[in-house]
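Shown next, in structure tokens, is the structure this report addresses.
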């Protein structure tokens, strides 16, 4: 990420943010205003979208100039991935996040994340309580009030939310079911990756899995995470020698059995938790997207549905 940071000097106190940015960056007013509008400017650590805001003494201003090698002013994709509402009432909205959409705004851009889209749909802020990776598709739930958001967040924080993921992986000798109990830590040799190993002082992570299809070209697995760590499923499967197909960051193959894996083929298929108002158990399910559904069809399988149950004999989180 490329950014520019400076501290407001005495002569700049009281001047509009846009004017000071133009002088500091040597950019025309129109370009400065676009940087502010897309959310690439922070004042005092908080995103500022008002180019006319007056600056105070010693405030720190940061401008994101590039993110992932791309300018925040680069045009957004002509057709953003489509998302759909799975369930909605006065307290909760559950949606199906498409692959390719970030869960929340990145540092350099606002407006094209799932939380932005759901907030625009609701015409008020959406209470995001959990996140899926950009390439992961599936169920994401939001609170529609501060009370509902807090209650939903508690379901995840206390480990009461049950989740079922589906993934396609390369062919590897896996037991028909099992539990992966390996701590996670950042991989110092590969920025952006996590490693699942007892060799490092990592954070506890537990995943129960079941093999749904074991073919010569690929396997299909059901994953029931008992903890909710960053990249948990991706790192755990990689530790078993079975990285998810299409997951280039973790070494997943781009094709298998003549089928393309255009992205990390991981789908959050179902989520069960207590309704924040009634306390009753509710389950939301998202249809398997086309790229992963092709693997199920080739295997002659129907994706699992219904209650989220641990395989017999597999320990879950207490």
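Numbering (UniProt numbering), first residue to last: 1 to 318. Cβ atoms here follow ideal geometry from the backbone N, Cα and C, with glycine treated the same way. None of the values given here were measured: they were computed from a predicted structure.
(Q) For residue 155, list the residues DSSP reports as bridge partners. (A) Looking at the DSSP assignment, residue 155 forms no beta bridge with any residue, so it has no partner.
Q: State the Cα-Cα distance for the pair residue 90 and residue 173, rounded to the nearest angstrom.
A: 47 angstroms
Q.
Runs of 3 residues minimum, wholly inside the stretch 126-206: which ones carry the beta strand (DSSP E) assignment?
A. 137-143, 162-169, 177-181, 184-186 and 194-196
Q.
Whole angstroms are fine: how far does the CA of residue 165 sit from the CA of residue 93?
A. If you take the alpha carbons of residue 93 and residue 165, they lie about 20 angstroms apart.
Q | residue 145 versus residue 260: straight-line alpha-carbon distance, rounded | A | Approximately 41 angstroms, taken between the alpha carbons.
Q: Could you name the residues of the same chain whose beta carbon sits closer than 8 angstroms to that of residue 281, not counting the 5 residues immediately before and after it, in chain order?
A: 272, 273, 274 and 275
Q) Which runs of the alpha helix (DSSP H) fall wholly inside the stretch 206-252 and span at least 4 residues, in chain order? A) Complete alpha helix (DSSP H) runs here, min 4: 232-239.
Q) So what's residue 62 in DSSP terms, helix, strand or just coil? A) strand
Q: Please check the pair residue 169 and residue 286, which I expect to be a contact at CB under 8 angstroms, by giving their CB distance rounded to whole angstroms.
A: About 20 angstroms; that fails the 8 angstroms criterion.
Q: Mind checking who residue 281 pairs with in its DSSP beta bridge?
A: 274
Q: In angstroms with no decimal places, state the Cα-to-Cα distance between residue 198 and residue 160.
A: CA-to-CA, the gap between residue 198 and residue 160 works out to about 26 angstroms.
(Q) Within the continuous beta strand (DSSP E) that includes residue 95, where are the two ends? (A) 92-97
Q: Check residue 122 in the structure and name its three-state DSSP category.
A: helix
Q | alpha helix (DSSP H) segment containing residue 88, residue limits | A | Note, residue 88: premise wrong, no alpha helix (DSSP H); beta strand (DSSP E) at 84-88.
(Q) Just verifying my parser: in three-state terms, what is the DSSP assignment at residue 260? (A) In this structure, residue 260 counts as strand in the three-state DSSP scheme.
**Q.** DSSP beta-bridge partners of residue 5
**A.** Bridge partners of residue 5: 62.
(Q) For residue 7, tell me which candidate among 179, 308, 242 and 44 has the shortest Cα-Cα distance. (A) 44
Q) By DSSP, does residue 21 sit in helix, in strand, or in coil? A) helix
Q) What's the gap between the Cα of residue 21 and the Cα of residue 183? A) Approximately 44 angstroms, taken between the alpha carbons.
**Q.** Residues that DSSP places opposite residue 43 in a beta bridge
**A.** 46 and 61
(Q) On the criterion of 16 or more Cβ atoms from any shown chain inside 10 Å, does residue 244 qualify as buried, or is it exposed? (A) Per the 10 Å Cβ criterion, buried.
Q: Compare the beta carbon distance of residue 210 and residue 185 with 9 angstroms and say whether it is the shorter of the two.
A: no
(Q) So, does the stretch 293-305 touch the stretch 97-106, judging by three or more C-beta pairs under 8 angstroms? (A) no
**Q.** Inter-residue Cα distance where the pair is residue 37 and residue 28
**A.** 14 angstroms
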